[in-house]
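Oh and the sequence shown: position 42 is 41 in numbering that gives the first Met the number 0, straight run, nothing missing.
Ideal placement from N, C-alpha and C gives every residue a C-beta, glycine not left out.
Note that the structure is predicted; figures quoted are calculated from it, not measured.
For reference, the structure is listed below as structure tokens.
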Amino acid sequence: MDPALLKQLKQKVEDELRQREAALLEFWLTELKKIEAKRHRDLAGLASDLKGFIGRVETRLKRLKGGHL
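Listed below in structure tokens is the structure:
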């Protein structure tokens, strides 16, 4: 293959990965901000919401590692 074409394809893949990572981080940041915005009255409420958030992240990670979308 042509080295210039390989370089172009590599750049395209890197750009796509960067865009996907940014979208992913924006999603989870929004989810964390929702938890923050609740203004929990006590630590137990915050802990409960954080456990739920962690559970969602763990479930998604397991699905990705297992090959399930």
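Limits of the unbroken alpha helix (DSSP H) element including residue i
| i | result |
| --- | --- |
| K32 | 2-36 |
| D48 | 42-65 |
Check: residue i C-beta below 7 Å from any heavy atom of the ligand SAM
| i | result |
| --- | --- |
| V56 | For the ligand SAM, the structure offers nothing, since it holds no ligand at all. |
Best match in the options for proximity to residue i [C-alpha to C-alpha]
| i | options | result |
| --- | --- | --- |
| H27 | Q7, V12, L49 | Contrary to the premise, residue 27 reads as Trp rather than His in this sequence. Of the listed residues, the one whose Cα sits closest to W27 is L49. |
| L60 | L31, Q18, L23 | L23 |
Same chain only: Cβ atoms within 8 Å of residue i, ignoring 5 sequence neighbours per side
| i | result |
| --- | --- |
| A3 | none |
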